[in-house]
Structures are given as C-alpha cells and as structure tokens.
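Protein chains in written order, with this note's numbering: chain A, 769 to 885; chain B, 71 to 187. We put the CB at the ideal spot given by N, CA and C, even for glycine.
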Amino acid sequence: NAGVTQTPKFRVLKTGQSMTLLCAQDMNHEYMYWYRQDPGMGLRLIHYSVGEGTTAKGEVPDGYNVSRLKKQNFLLGLESAAPSQTSVYFCASSPTQTGQGLNQPQHFGDGTRLSIL
Amino acid sequence: AQKITQTQPGMFVQEKEAVTLDCTYDTSDPSYGLFWYKQPSSGEMIFLIYQGSYDQQNATEGRYSLNFQKARKSANLVISASQLGDSAMYFCAMREVYIQGAQKLVFGQGTRLTINP
C-alpha cells in the first residue's frame, strides 16, 4: 500500500536554481493537490488538479508551476528558487468529490523538505 | 472567506487522561466539512476524523470523537485515554469546494500535544 509517494524527501537548492518535485499516487484518485507548510502557518494550497491534463491555482501559486500529464502523477516545479520558498511541501490526493464523496479525506504523502540558500 | 482557528499552540497532558483540542471555524457556506489530521514528529499527515455540517450525530473513530457545536461554530477533537503515541501536532481543517468539485482544505495553525508518562 504505497498510497501517495513524494520524491525527493529532502533537497537543498541555491537561489535561482530550478527543480521538480514528483508526486505519485496508486489509488486511482481523480484529484491531486500541492501544499506548503511553513512554521506556525499550517498548510496552504499551492495548485491542484481535478484530473489528467488539468491544473488550477490555489491560495499561494506564485513562483510555482505544475503539470498532470498522467492521472497518477502530479509534478510541482520551481523555475527560479527563492529563499521564501524554503518550506515543507506536501502532495495529497482524493477521490471524486461528489455526493458522499465530499466526506472523503485527502491522503497525504510524507512531505519534501526543501531549503533554498 | 473561510477561516479556522486553533487557539492552543501547545498542550501537555498526563498519559491516560482525556484531552480536548479546540477548533473554531468561520464560514457562510451552509455545506461544509471539518477534518482533523495528526502530524507526528516524522512529518506525515494522518487523517483522524471527519464531521459534515449536516451530520446529525457527532463523529467518532475509536478513541477519537468530535464535539461538534454548530451554533458556536466549533469542532473540538476529544482524545480519550491518551497514550504516549498521541504526542504530535494536530490540525483542524475545513473543506471548501472549488469549481469542478475539488476539495480545498483550509488549515488551522495546529496544536502541539505532548503526552507525559
């Protein structure tokens, strides 16, 4: 039962570098999400996807891009990393959100700890 | 805009005692859902319990129960017979439905619970 898998688990970047965080889920979930968690602020939604080939902006999308080329994968990209993007990043997925599906929780990966120097 | 407030940054409880973690919310949407997640020191987000705004009874899941007081807009988590393994960060989150049914979660700032032996 892999669930939601995030790679890498840790990464250190220099300002201006780029990188991609990978999220993979094996639960056949339609919806996928990227959050960031900063100290004392809980989790905030960056981008989300309601299905293969679709993406949309969340609460804090600036400086990030995403892609969902395959249903099971959701990629988060940083084109030019900035120190303000130092955070822990969580990917989550959930099944179709209709009817009783509204009470289904999001399933989270273990997080990626990213430091930008 | 929806908002979640967790007023207890930290709590210390003796093992085997019951503990209540506070969560108040603010929304004008008559249909909403409230989730509680546990985040141990290892970092993963673990779903604990869910309460829908139209649910007639308070949710329960094993040692976890939700004291849902709709008029007061509160959804407190109650952990009975606390165990050392309950030491963790606890987040209250409210579901907001985006377009196409995607489930945005708005998180509180969390409460760090420490269980003393």
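Residue i to residue j span [Cα, whole Å]
{"i": "Asp806(A)", "j": "Val856(A)", "result": "7 Å"}
{"i": "Cys93(B)", "j": "Gln179(B)", "result": "10 Å"}
{"i": "Tyr893(A)", "j": "Phe876(A)", "result": "Any property of residue 893(A) remains undetermined from this structure, which presents chain A solely from 769 to 885."}
{"i": "Met115(B)", "j": "Lys108(B)", "result": "6 Å"}
{"i": "Pro863(A)", "j": "Thr77(B)", "result": "31 Å"}
{"i": "Met159(B)", "j": "Leu147(B)", "result": "13 Å"}
{"i": "Ser144(B)", "j": "Gly80(B)", "result": "18 Å"}
{"i": "Phe161(B)", "j": "Thr184(B)", "result": "14 Å"}
{"i": "Ser135(B)", "j": "Asp99(B)", "result": "24 Å"}
{"i": "Thr97(B)", "j": "Thr788(A)", "result": "35 Å"}
{"i": "Gln774(A)", "j": "Gly821(A)", "result": "20 Å"}
{"i": "Phe117(B)", "j": "Leu790(A)", "result": "22 Å"}
{"i": "Arg182(B)", "j": "Pro776(A)", "result": "26 Å"}
{"i": "Thr854(A)", "j": "Asn833(A)", "result": "16 Å"}
{"i": "Ala131(B)", "j": "Leu846(A)", "result": "A quick correction: the sequence has Glu, not Ala, at residue 131(B). Computed Cα separation, rounded: 39 Å."}
{"i": "Ser112(B)", "j": "Met809(A)", "result": "18 Å"}
{"i": "Asn871(A)", "j": "Asn137(B)", "result": "17 Å"}
Selection from the options that minimises the alpha carbon distance to residue i
{"i": "Arg133(B)", "options": "Thr75(B), Ile119(B) and Cys162(B)", "result": "Ile119(B)"}
{"i": "Thr75(B)", "options": "Ile149(B), Glu131(B), Ser112(B) and Arg142(B)", "result": "Arg142(B)"}
{"i": "Gln153(B)", "options": "Pro79(B), Ser112(B) and Asn186(B)", "result": "Asn186(B)"}
{"i": "Gln139(B)", "options": "Pro110(B), Ser123(B) and Ala151(B)", "result": "Ser123(B)"}
{"i": "Leu175(B)", "options": "Val828(A), Gly879(A), Leu811(A) and Tyr832(A)", "result": "Leu811(A)"}
{"i": "Pro829(A)", "options": "Met787(A), Leu844(A), Pro873(A) and Glu820(A)", "result": "Leu844(A)"}
{"i": "Phe101(B)", "options": "Arg182(B), Asn137(B), Asp125(B) and Phe177(B)", "result": "The residue asked about is misnamed: residue 101(B) is Ser in this sequence, not Phe. Nearest C-alpha to Ser101(B): Asp125(B)."}
{"i": "Lys873(A)", "options": "Glu131(B), Thr181(B) and Trp106(B)", "result": "The question names Lys, but residue 873(A) is Pro in the sequence shown. Among Glu131(B), Thr181(B) and Trp106(B), the Cα nearest to that of Pro873(A) is on Trp106(B)."}
{"i": "Lys831(A)", "options": "Met809(A), Gly821(A), Thr822(A) and Arg804(A)", "result": "Position check: residue 831(A) holds Gly in this sequence, whereas Lys was assumed. Cα-wise, what sits closest to Gly831(A) is Arg804(A)."}
Nonlocal neighbours in the same chain, by C-beta distance under 7 Å from residue i, ignoring five residues either side
{"i": "Gly826(A)", "result": "Leu813, Ile814, His815 and Tyr816"}
{"i": "Pro110(B)", "result": "Ala158"}
{"i": "Ala770(A)", "result": "Asp794"}
Local Cβ density within 10 Å of residue i, reported as buried at 16 or more and exposed below that
{"i": "Ala129(B)", "result": "buried"}
{"i": "Phe127(B)", "result": "Strictly speaking, residue 127(B) in this sequence is Gln, with Phe absent from that position. Counting Cβ neighbours within 10 Å, Gln127(B) comes out exposed, since fewer than 16 surround it."}
{"i": "Leu885(A)", "result": "exposed"}
{"i": "Gly879(A)", "result": "buried"}
{"i": "Phe842(A)", "result": "buried"}
{"i": "Asp156(B)", "result": "buried"}
{"i": "Phe20(B)", "result": "Because residue 20(B) is not part of the residues shown, which for chain B are 71 to 187, the question remains open."}
{"i": "Phe858(A)", "result": "buried"}
Other residues of its chain near residue i: CB distance less than 6 Å, five sequence neighbours each side excluded
{"i": "Ser861(A)", "result": "Val772, Gln793, His797, Met800 and His875"}
{"i": "Gln173(B)", "result": "Arg165"}
{"i": "Arg779(A)", "result": "Leu882"}
{"i": "Leu104(B)", "result": "Gln121, Ala145 and Met164"}
{"i": "Ser150(B)", "result": "Ala88 and Arg133"}
Same chain, Cβ closer than 8 Å to residue i, five either side skipped, listed in chain order
{"i": "Val818(A)", "result": "Glu798, Tyr799 and Ala824"}
Point to revise | the segment 81-90 of chain B contacting the segment 791-799 of chain A, beta-carbon criterion three pairs below 8 Å | key: Remark: fewer than three beta-carbon pairs, one from each stretch, lie closer than 8 Å, so the segment 81-90 of chain B and the segment 791-799 of chain A are not flagged as touching.
Point to revise | Stretch-stretch touch, CB-based, cutoff 8 Å, three pairs: the segment 843-852 of chain A with the segment 781-788 of chain A | key: When C-beta atoms of the segment 843-852 of chain A are compared with those of the segment 781-788 of chain A, three or more pairs fall below 8 Å, so the two segments count as touching.
Practice item. Count the CB pairs spanning the segment 834-848 of chain A and the segment 89-108 of chain B that are closer than 8 Å, and state whether there are at least three. Key: Contact between the segment 834-848 of chain A and the segment 89-108 of chain B is absent: fewer than 3 CB-CB pairs across the two stretches fall below 8 Å.
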